[in-house]
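**Student:**
Number of protein chains: 2
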Amino acid sequence: MSEVYAARRARLRERCQAGGSASALVTRPANVRYLAGPAPQDTVLLLGKREDVLVCAGPSDDRPSAAGGRPDEALRRHILSGPGGDPAVAAADLAQAQGADSLALEEHHLTVARHRAVRSVAPRLRLADLGGAVEQLRVVKDEEEISCLRIGAEIADQALGELLESILVGRTERHLALELERRLVDHGADGPAFPTSVAAGPNAGRRGHRPTDRRVEEGDFLSVCLGATYRGYRCEIGRTFVIGTSPADWQIELYDLVFAAQRAGRESLVPGAAYRDVDRAARQVLDSAGYTQGLPPLTGHGVGLEIDEDPQLTPAAMGKLDACVPVTVEPGVHLPGRGGVRIDDTLVVRPEADGGPELLTITTKELLAL
Amino acid sequence: MSEVYAARRARLRERCQAGGSASALVTRPANVRYLAGPAPQDTVLLLGKREDVLVCAGPSDDRPSAAGGRPDEALRRHILSGPGGDPAVAAADLAQAQGADSLALEEHHLTVARHRAVRSVAPRLRLADLGGAVEQLRVVKDEEEISCLRIGAEIADQALGELLESILVGRTERHLALELERRLVDHGADGPAFPTSVAAGPNAGRRGHRPTDRRVEEGDFLSVCLGATYRGYRCEIGRTFVIGTSPADWQIELYDLVFAAQRAGRESLVPGAAYRDVDRAARQVLDSAGYTQGLPPLTGHGVGLEIDEDPQLTPAAMGKLDACVPVTVEPGVHLPGRGGVRIDDTLVVRPEADGGPELLTITTKELLAL
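So the sequences go chain by chain: A and B. Mapping of the first sequence onto the numbering used here: position 76 corresponds to residue 1030, and the numbering continues sequentially without gaps. Mapping of the second sequence onto the numbering used here: position 304 corresponds to residue 1258, and the numbering continues sequentially without gaps.
1) So, at 7 Å on beta carbons, what are the nonlocal neighbours of arginine 963/A in its own chain, with the 5 sequence-adjacent residues on each side left out?
2) Output yes or no for whether 8 Å exceeds the beta carbon distance between proline 1311/B and leucine 1249/B.
3) Span of the beta strand (DSSP E) holding proline 950/A?
4) Taking one C-beta from the region 1152-1160 of chain B and one from the region 1256-1268 of chain B each time, how about it: are there three or more such pairs within less than 8 Å?
5) Measuring only between beta-carbons, confirm whether leucine 1064/A sits less than 8 Å from chain B.
6) Since alanine 993/A and proline 1041/A are thought to touch, with beta carbons under 8 Å apart, how far apart are those beta carbons, to the nearest angstrom?
7) Can you find a C-beta in chain A that's less than 8 Å from the C-beta of valine 1123/B?
8) Which residues in the same chain have their Cβ closer than 7 Å to the Cβ of isoleucine 1197/B, if we skip the five residues on either side of it in sequence?
9) Output yes if chain A places a C-beta closer than 8 Å to the C-beta of glycine 1012/B; else output no.
10) My output table needs one value for glutamate 968/A: the three-state DSSP class, helix, strand or coil.
11) Please tell me whether leucine 1240/A has its Cβ less than 8 Å away from any Cβ of chain B.
12) Name the DSSP beta bridge partners of glutamate 1312/A, please?
13) For valine 1009/B versus alanine 1045/B, is the C-beta distance shorter than 8 Å?
14) Out of Glu1099/A, Cys1179/A, Arg1092/A and Ala1202/A, which has the shortest C-alpha to C-alpha gap to leucine 1130/A?
15) Taking C-alpha atoms, which residue in Thr1166/A, Leu1064/A, Pro1156/A and Gly1309/A lies nearest to aspartate 1140/B?
16) For a quick check, are the C-beta atoms of threonine 1253/A and proline 1280/A less than 8 Å apart?
17) Is it buried or exposed, alanine 1307/A, if we count other Cβ atoms within 10 angstroms and call 16 or more buried?
18) Please name the residue in Leu966/B, Gln971/B and Thr981/B whose C-alpha comes closest to that of glutamine 1090/B.
19) According to DSSP, leucine 1267/A sits in a beta bridge with which residue or residues?
20) May I ask you to list, following chain order, the residues of the region 1038-1067 of chain B that have a beta carbon less than 9 Å from some beta carbon of chain E?
21) Please state whether DSSP places glycine 1226/A in a helix, a strand or coil.
22) Quickly, what does DSSP pair proline 1146/A with across the bridge? List them, please.
23) Is the Cβ of cysteine 970/A closer than 8 Å to any Cβ of chain B?
24) Reducing DSSP to helix, strand and coil, say where glycine 1286/A ends up.
25) Run the CB neighbour count on serine 1120/B, radius 10 Å, all protein chains shown included, and call it buried at 16 or more, exposed below.
26) Rank Glu1190/A, Leu1134/A, Thr1126/A and Arg1193/A by C-alpha distance to the C-alpha of arginine 1168/A and give the top, closest one.
27) Have a look at Leu1240/A, Leu999/A and Ser956/A and flag the residue whose alpha-carbon is nearest the alpha-carbon of isoleucine 1033/A.
28) Within the same chain, show all residues whose beta-carbon is closer than 6 Å to that of glutamate 1320/A, passing over the 5 residues directly before and after it, in chain order.
29) Rounding to the nearest angstrom, what Cα-Cα distance links aspartate 1016/A and arginine 1164/B in this structure?
30) Tell me whether glycine 1036/A is buried or exposed, calling it buried when 16 or more other Cβ atoms sit within 10 Å of its Cβ.
31) Do you know whose CA, among Cys1102/A, Ser1242/A, Val958/A and Ala1227/A, lies nearest alanine 1271/A's CA?
32) Give a yes or no on whether the minimum CB-CB distance between glutamate 1221/A and chain B is below 8 Å.
33) Can you give me the Cβ contacts of glutamate 1027/B inside the same chain, cut-off strictly under 7 Å, excluding the 5 residues immediately before and after it?
34) Throw me the rounded Cβ distance for the glycine 1012/B and proline 1251/A pair, which I believe falls under 8 Å.
35) Can you tell me whether alanine 1147/A is buried or exposed, with buried defined as 16 or more other CB within 10 angstroms of its CB?
36) I'd like to confirm the pairing. Which residues does DSSP put opposite glycine 1402/B in its beta bridges?
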């Protein structure tokens, strides 16, 4: 892996130098992990003029370390001695000691207070904005990253499949969510990719619903959204079911509609497609059926080391899909008081020649009556 | 509750006006919750010149809402129409529209990029630093807050007690952690207060250890640290056990030492005690036994709406304890390769006349052989 991290840092360095900064300070945890591997909490990475340095807040034995291994052994480590020190400040000090004249910072992550502390310790450094440079590098995944997402998706499919075989009526959203998270770990996940959402009855179809003590009842819609983290990579799957023997007509109609919207979104995932066109493909199916109110602000988003990455598939998004970009497609409709439907897959954009979008989450999307 | 929130906002307003700002923008989630009640994700609070306003990122139906109720109904809501907008920017706009000339911001929470966006939308506002004003208000708890912590501690005690009655040998750290989290919810917690830590054998005694697939074995030290969130309030308990019939002599010695250090810390919790003296009371017991290496940077910390709040009980901490401040006392020793011991309680500082420190986490601290 060490070569992979080194190659990523080399690409970032090129961008920095193009931007006029010989040095960069990476503070956002997922970005540090992308460039240096799993590191203890609060670790920052200095892309130095002479040398790259991983600056850790304390002896790692005493610090929770990111799951999934160790940081790049090829990197020099600098460990703060005392407690309470800010690794970003120490890293800026090192950058100045290396003779850098400018340092690019992640101004979208660094707080105003930390930025001030950095400036005060390194007054000779010209502080620039690294912006989302690392996030941009992270958008297109290599096959190693995609295989982590694929395994995570298999784990999520397994956990969901097992839940469907168990008794659901009478159990609370909270308990179902916890059981799903336990099963994710049973099957080898580092942990859940995000707080598992289980939404029954009137809650069903709400994006990001936090599980409550609402019990599953006959006739409910039940929507479930979960994901596994595997070696740091996070995937997502969402399905909606009906509880009981036979769905009501309105449930079948609503389900078919959301399914059609989700399929339209999936089918629009081709290299070169504009983000907004993917969103429109799904959204217009719902619009044309009169569901203009209460639609989620996005149809999908990128996934990777974070569960919500670029690209954002929204009406206003700029940019086009590349091959090897994993995204979710997750349209939904929620009818206040009645519940609703969400269907959510994680797919990888692939060229037509390679068979088109690769579906990672393969649990059936038929409307199951449980 | 509405009066409670209003009273807290009134106290903050006094501090702001003393600091020369008629308006303040609170963005840190726990601070927003403290001043306005449970609000949807990304909600910010404007303490306005004419009126206080809760600014939400979107229709709350579409946004995960903090567990434990609704925001203060007495507050005016301003909901952003489009997606992707920053409530902090919208709030600054409102502040300017109210005729404020200055606005105090949480520079320790707001990123450089958001701060710039705020400045650009409200150029006529003088932007000041609110600093940790809200965090300072949060240090001393009212009895309502303490009762939430007390209930959370009871829940954590129950979950831990049940685990101790089950078979442990052969099970992995991960599974024990998940079972504890399930039991927390079984007993009415909103969820875990932080990622449950279960550490067996050589991992035992490591602060913030992330559970692994290491299985519990005969002769292990097993240290467990968990907490419940109840109505948003987070407590913490940590215990260390030995697995098997009879602990080894080194285990008994190490346990007795950490127990003595933890007791010394607890007994030093009196109103007016300096934070650093509480730390020293516990630390010197370990120091005098020769354990100067690898001691955790802190002996304890405040708890409340966040699991790690002020005060920090460290050698360098400034300040003195007040009554009604809940803190943890959690010294530990970890011997690389062999494991170690941590003992962690949540207590509330009380005057001698009221019986001294109130122990919230009452699970026995005898060395149990399981």
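Beta carbons are placed, not taken as given, at the ideal position from N, Cα and C, and that holds for glycine. Values in this document were obtained by computation on a predicted structure and should not be read as measured data.
**Tutor:** Quick answer:
1) Along the first sequence, read from residue 1 onward, the residue named residue 963/A stands at position 9. Closer than 7 Å at the Cβ level, and outside the excluded window around arginine 963/A, lie Leu989, Leu1001 and Asp1006.
2) The residue labelled residue 1311/B in the question sits at position 357 within the second sequence. The residue labelled residue 1249/B in the question sits at position 295 within the second sequence. No, these two residues do not count as a Cβ contact at 8 Å.
3) Given a span of 955 to 1324 for chain A in the structure shown, any question on residue 950/A remains unanswerable.
4) As far as the Cβ criterion goes, the region 1152-1160 of chain B does not touch the region 1256-1268 of chain B, which means the pair count is below three.
5) Counted from its first residue, the first sequence places residue 1064/A at position 110. So, interface residue.
6) Within the first sequence, the letter at position 39 stands for residue 993/A. Within the first sequence, the letter at position 87 stands for residue 1041/A. Separation of the CB atoms of alanine 993/A and proline 1041/A is rounded to 10 Å, and the pair is thereby denied contact status at 8 Å.
7) Within the second sequence, the letter at position 169 stands for residue 1123/B. Interface residue (Cβ-Cβ distance to chain A less than 8 Å): valine 1123/B is not classified as such.
8) Counting from one through the second sequence, the residue named residue 1197/B turns up at place 243. Excluding residues within five positions, the ones whose Cβ falls inside 7 Å are Leu1122, Val1123, Val1170, Glu1171, Glu1172, Gly1173, Asp1174, Leu1176 and Leu1324.
9) One-based indexing of the second sequence puts residue 1012/B at position 58. Yes, contact with chain A.
10) Along the first sequence, read from residue 1 onward, the residue named residue 968/A stands at position 14. Of the three classes helix, strand and coil, the one that applies to glutamate 968/A here is helix, per DSSP.
11) For the purposes of this step, residue 1240/A is taken as residue 286 along the first sequence, with counting starting at 1. So no, leucine 1240/A is outside the interface.
12) Locating residue 1312/A in the first sequence gives position 358, where the first residue counts as 1. Listed as beta-bridge partners of glutamate 1312/A by DSSP are Val1302/A.
13) Walking along the second sequence from the start, residue 1009/B turns up at place 55. Walking along the second sequence from the start, residue 1045/B turns up at place 91. Closer than 8 Å, so yes.
14) To locate residue 1130/A, count along the first sequence from 1; it is residue 176. Of Glu1099/A, Cys1179/A, Arg1092/A and Ala1202/A, the smallest CA-CA separation from leucine 1130/A is found for Cys1179/A.
15) Within the second sequence, the letter at position 186 stands for residue 1140/B. Nearest of Thr1166/A, Leu1064/A, Pro1156/A and Gly1309/A to aspartate 1140/B, Cα basis: Thr1166/A.
16) The sequence position of residue 1253/A within the first sequence is 299, counting from 1. The sequence position of residue 1280/A within the first sequence is 326, counting from 1. The criterion of a C-beta distance shorter than 8 Å is not satisfied by threonine 1253/A and proline 1280/A.
17) Numbered from its first residue, the first sequence carries residue 1307/A at position 353. Exposed: under 16 other Cβ atoms inside 10 Å.
18) Position 136 of the second sequence, counted from the first residue, corresponds to residue 1090/B. For glutamine 1090/B, the closest of Leu966/B, Gln971/B and Thr981/B by C-alpha to C-alpha distance is Leu966/B.
19) What you label residue 1267/A is simply residue 313 of the first sequence in a count that begins at 1. DSSP output for leucine 1267/A lists Gly1254/A as bridge partner(s).
20) No chain E appears in this structure, whose protein chains are A and B.
21) Residue mapping note: residue 1226/A aligns to position 272 of the first sequence, counting from 1. For glycine 1226/A, the three-state secondary structure derived from DSSP is coil.
22) For the purposes of this step, residue 1146/A is taken as residue 192 along the first sequence, with counting starting at 1. Proline 1146/A pairs with Ala1182/A.
23) Against the first sequence, residue 970/A aligns to sequence position 16. Taking Cβ atoms only, chain B never reaches closer than 8 Å to cysteine 970/A, which makes this a no.
24) Counting from one through the first sequence, the residue named residue 1286/A turns up at place 332. In this structure, DSSP gives glycine 1286/A an extended state, which the three-state scheme calls strand.
25) Here residue 1120/B refers to the residue found at position 166 of the second sequence. Its Cβ having fewer than 16 others within 10 Å, serine 1120/B is exposed.
26) The residue labelled residue 1168/A in the question sits at position 214 within the first sequence. For arginine 1168/A, the closest alpha carbon among the candidates Glu1190/A, Leu1134/A, Thr1126/A and Arg1193/A is that of Thr1126/A.
27) Start at 1 with the first residue of the first sequence, and residue 1033/A comes out as number 79. The candidate whose alpha carbon is nearest that of isoleucine 1033/A is Leu999/A.
28) For this step, residue 1320/A is matched to residue 366 along the first sequence. Sequence-distant Cβ neighbours of glutamate 1320/A in its own chain, meaning closer than 6 Å and more than five residues away, do not exist here.
29) Along the first sequence, one-based indexing puts residue 1016/A at 62. Along the second sequence, one-based indexing puts residue 1164/B at 210. Low local confidence applies: a pLDDT of 49 at aspartate 1016/A is under 50, so the model's placement there is unreliable, with the coordinate-based value given in what follows. Going by the C-alpha atoms only, they are around 11 Å apart.
30) The count along the first sequence starts at 1 and reaches residue 1036/A at position 82. By the neighbour-count definition (other C-beta atoms within 10 Å, threshold 16), glycine 1036/A is an exposed residue.
31) If you number the first sequence from 1, residue 1271/A lands on position 317. Per the Cα distances, Ala1227/A.
32) Start at 1 with the first residue of the first sequence, and residue 1221/A comes out as number 267. False, the Cβ-Cβ gap to chain B never drops below 8 Å.
33) By one-based count along the second sequence, residue 1027/B stands at place 73. Scanning its chain for C-beta atoms nearer than 7 Å, with the 5 sequence neighbours on each side dropped, one finds around glutamate 1027/B the residues Ser956, in chain order.
34) Translated into the one-based positions of the second sequence, residue 1012/B becomes position 58. Translated into the one-based positions of the first sequence, residue 1251/A becomes position 297. Right, the Cβ-Cβ distance comes to about 6 Å (below 8 Å), so this counts as a contact.
35) Position 193 of the first sequence holds residue 1147/A. Buried.
36) With chain B covering 955 to 1324 only, the question about residue 1402/B has no answer from this structure.
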